[in-house]
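The structure appears right after this line, and notes come after that.
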Amino acid sequence: EEELVEGESKSTHFIKLSVPWPVLLRYAEELCLRAPLQAHPNPSVNWSAGVLAVLRIPNIMEAEVPNKPLDYYTCTFKRSKLDRFLGSDNQDEYFTVTQRVCVAYEILQTARYGARRKAQIGIDRLIEERVYTAAFPLHEGDYRKPAGNVPPNTWNRRQVLYEYWARWSCWYKYQPLDHIREYFGEKIGIYFAWLGFYTGWLLPAAAVGFLVFLYGIFTIGNDGPTNEICNSDKKYRMCPRCDEKYGCDYWYISDNCIFTKITYLFDHPGTVFYAIFVSFWAVTFLEYWKRKSASLAHHWDCMDFEEEEERPRPEFAARASHVERNPITGAKEPAFPARVRKQRIAAGVAILLLMIALVLVFMVSVIVYRVLVSIPLFRSQSFKGFASVIASSSGAFVNLIFIMILGKVYERLAYRLTQWEMHRTQTDFDNNLTLKVFLFQFVNFYSSIFYIAFFKGRFVGYPGKYGHLLGLRNEECSGSDCLSELAQQLAVIMVGKQIINNAQEILVPKVKAWWHRHKTKMVYRESLTRWEQDYQLIQNEGLFQEYLEMVLQFGFITIFVAAFPLAPLFALLNNWVEIRLDAQKFVCETRRCVPERAQNIGIWFSILEFLAKAAVITNAFLIAFTSDFLTRTMYRYEFDWDLKGYINFTLAHAPNGSLSLPCRYRDLRDEKGNWTFFHWKLLAVRLAFVIIFEHVVFCVCRLIDLVVPDIPNQLELKIKRERYLAKQALADSETIMKVAQRK
């Protein structure tokens with residue numbers, strides 16, 4: 002059923018659609034919608050609420066959200082068994098709003114408006130061809146609560162979500178997930194459930210990381226090597242940090258006292274413990290998310306959901322070269338030669354590799370920038386003590402700008418490439434786009450960090466035989482190792498990215514909404530109809546950017562956590578803001594999206610598992626090769642437990658005649674520049690540590706995987722009971738009543 006209405010501007014016309022009862026019944030069966038058999042309690046599922054209740058601690062996170070949706074035992078809808086479903090006599094409320102929207106969207110998506118041979122099917126194709134400008138379900142009224150003393154249980158769902166979820170004052174409250182799912186559908190509900198679950202798990206990681214950082218602050222005065230550097234005065238004259246021909250002067254290691262103390266804050270025994278802790282934390286988090294995801298999938302009737310035979314994407318249908326008969330449905334559908342698609346995918350991979358090479362070129366340019374900036378700073382009497390810090394911090398900001406620009410450029414390019422590759426279904430399109438963008442962003446965000454962690458300072462050479470890049474001497478680490486610079490780079494890129502993204506989420510929707518109103522020449526007024534007000538909102542762009550942002554953040558707090566134990570704390574603070582920004586975007590700033598079903602977070606979970614495994618290996622190498630931990634440990638066992646003389650031991654003498662004055666430099670070499678025997682023993686210990694570390698962690702993680710079942714035992718009982726009730730309901734109506742009474 003449709004109704005044509007004219008907008009206030011006279012140039013915009015709206016078609017209002019509704020689905021009559023007989024059509025709802027037919028499509029509900031075709032779409033395998035779930036129908037209620039019996040209502041049962043819908044208790045809170047927050048584990049923290051149970052813990053606080055046992056401890057008799059007031060739970061300030063709890064909120065009494067009005068109109069909580071009921072929970073039901075359900076089964077697949079059958080028209081022939083209509084009278085056996087709960088509430089089937091109430092045609093106006095039997096199907097939920099989201100179910101009605103899904104049916105309407107299905108009809109619009111499958112409606113043929115032209116020649117089938119040309120794949121002229123579906124509303125998305127019509128929007129693509131600009132026959133229509135938009136198609137969207139309506140919000141349920143204004144999001145602002147009504148004036149006066151109106152009881153909350155009479156508010157509409159949008160007002161409830163805004164007042165009890167999207168407002169900033171709700172930052173410490175549990176999310177009303179059932180209300181979110183009821184209004185937006187399972188796919189968006191799953192996203193916010195995952196984001197809230199992840200944020201909750203950040204609490205212990207952030208707390209332990211902060212304690213590890215405090216341990217470094219409180220024990221810094223007892224660190225022997227740090228005190229030896231600070232008290233050495235002019236005992237150790239160090240070689241110039243750049244070539245003498247550029248005017249770089251000699252310096253004393255005591256000049257580095259402040260930076261040595263800063264390095265200790267990120268490189269002490271506590272960081273080794275924290276790296277192991279976070280490795281276990283990441284795997285345990287993913288295991289318990291699988292349990293949470295299974296519980297939500299059952300609770301929201303998506304446990305057995307599998308995407309039906311997907312129809313071709315509108316863009317695919319419009320550009321397909323011919324039609325073929327679908328082997329499942331038997332209908333003729335647009336098709337594209339598989340050989341040509343594979344060639345295009347190969348070309349897309351080549352472009353991805355080219356863009357990755359471009360990222361590496363920009364990274365090298367930042368390295369050259371740091372070296373060029375540091376040379377005049379080292380020559381300056383005022384700035385030579387801070388030359389490395391100024392060069393590395395300014396280089397980190399320049400690198401962040403490159404990263405953000407390249408990321409935006411490639412995301413647009415990846416979208417075009419994925420369109421060009423002609424993937425038939427939306428699922429194939431989304432998965433290929435996700436992999437492309439993630440692989441690029443992985444290199445884009447992490448390449449400079451990997452360079453500082455594992456390559457910087459390792460190809461410097463020694464006096465008389467320094468290594469050079471583009472005629473410039475390779476850069477050294479500013480402290481005793483590169484861990485402090487790594488922490489600085491992580492802080493700038495991670496925190497800077499979060500600030501930029503949050504600023505974009507606040508400003509971009511407002512700018513887009515203003516531009517949309519300017520184009521349509523519509524002015525917001527209270528007198529506008531609901532469809533006119535919603536048309537002024539911006540189009541919802543889905544969850545891709547939201548997941549990508551959080552997955553990259555997960556990489557920052559796991560892969561390099563040994564260098565920056567405060568990363569989970571910054572992630573936690575960001576996520577408290579992120580949840581409210583996303584909530585306000587969905588409730589207030591964008592049109593209501595078509596509800597979609599989903600039982601988990603899809604391909605993003607596989608990416609999270611990859612990052613968790615990569616974190617174990619990366620942290621093992623960080624501790625072994627970047628940190629000073631193993632060098633100090635070996636010195637304790639072989640020479641002095643209190644690390645007396647450690648600094649003198651790790652400073653090599655410059656070969657005679659290599660420089661104008663005798664000096665020292667950081668390395669385990671003899672006076673001829675050859676590696677010492679201690680260096681080779683240390684290398685063997687480092688490699689052994691990496692192997693033992695990753696084997697132990699992976700074995701324990703595998704044990705956690707085996708011990709923690711993916712589906713809770715109580716949930717398995719619920720599933721069996723629901724299947725039993727469904728079987729009885731479709732068998733005869735009397736048995737269901739007996740079973741319900743017996744319960």
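When you read off a place in the sequence shown, starting at 1, and then add 1, the result is the number in the working numbering.
Beta carbons: idealized from backbone N, C-alpha and C, even for Gly.
None of the values given here were measured: they were computed from a predicted structure.
In the structure shown, the three-state DSSP call for Trp166 is helix. By DSSP's assignment, Thr591 forms a beta bridge with Ile539. The region 707-721 and the region 288-295 touch, with no fewer than 3 CB-CB distances between them shorter than 8 Å. Around the beta carbon of Arg27, a 10 Å sphere encloses fewer than 16 other beta carbons of the protein chains shown; the residue is thus reported as exposed. The Cβ-Cβ distance between Lys513 and Ile539 falls below 7 Å. For the 7 Å CB-CB criterion, Tyr199 and Arg158 do not form a contact. Bounds of the beta strand (DSSP E) holding Cys76 are Asp72 to Thr77.
The three-state reading of DSSP puts Lys466 in strand, counting E and B together. Annotation: Phe565 is outside any beta strand (DSSP E) and is labelled neither H nor E by DSSP. Within 10 angstroms of the beta-carbon of Trp202 lie 16 or more other beta-carbons, which makes it buried. In this structure, the beta-carbon distance from Ala572 to Ala276 does not fall below 7 Å. Judged by beta-carbon spacing, Val360 lies within the 7 Å limit of Ser448, meaning their Cβ atoms are closer than that value. Pairwise C-beta distances place the region 254-262 out of contact with the region 549-557, as fewer than three of them are shorter than 8 Å. With distances taken between CA atoms, Asn68 lies nearest to Leu178 out of Leu178, Val104 and Val20.
His654 is bridged by DSSP to Arg665. According to the DSSP secondary-structure assignment, Leu56 is paired through a beta bridge with no residue. Counting along the chain, the unbroken alpha helix (DSSP H) around Leu297 starts and ends at Pro270 to His300. When Phe456, Pro566 and Ile181 are compared, the shortest CA-CA separation from Leu491 is found for Pro566. Contact annotation, Tyr463 with Tyr666: C-beta distance approximately 6 Å; criterion of less than 8 Å satisfied.
Contact holds between the region 575-587 and the region 162-177, because three or more Cβ pairs, one in each stretch, are under 8 Å apart. DSSP places Arg27 in the uninterrupted alpha helix (DSSP H) bounded by Trp22 to Glu31. Taken through DSSP and simplified to helix, strand or coil, Arg35 comes out as strand. Burial state of Ser19 is exposed, judged by a 10 Å Cβ sphere holding fewer than 16 other Cβ atoms. Taking 7 Å as the cut-off, the beta carbon of Arg593 is found closer than this to the beta carbon of His140. The region 45-62 makes no contact with the region 100-115: fewer than 3 CB pairs, one atom from each, lie closer than 8 Å. Counting along the chain, no alpha helix (DSSP H) covers Ser233, and no H or E run does either. Within the model, the alpha-carbon separation for Glu63 versus Ala568 is close to 28 Å.
Separation of the CB atoms of Ile580 and Ala616 is rounded to 24 Å, and the pair is thereby denied contact status at 8 Å.
In the displayed model, Tyr144 falls within coil according to three-state DSSP, outside both helix and strand. Burial of Arg35 is indicated by the presence of at least 16 other C-beta atoms within 10 angstroms of its C-beta. Between the C-alpha atoms of Leu684 and Phe274 there is a straight-line separation of about 21 Å. If the five residues before and after Gln121 are omitted, its C-beta is found closer than 6 Å to the C-beta atoms of Tyr114 and Gly115, all from its own chain and listed in chain order.
Rounded to whole angstroms, Tyr411 and Thr75 show a C-alpha spacing of 45 Å. Taking the C-beta atoms as reference points, Leu473 is found no nearer than 7 Å to Gly210. Per the Cβ contact rule, the region 606-624 is in contact with the region 691-710 (3 or more Cβ pairs under 8 Å).
The straight-line gap separating the alpha-carbon atoms of Lys82 and Glu31 is approximately 14 Å.
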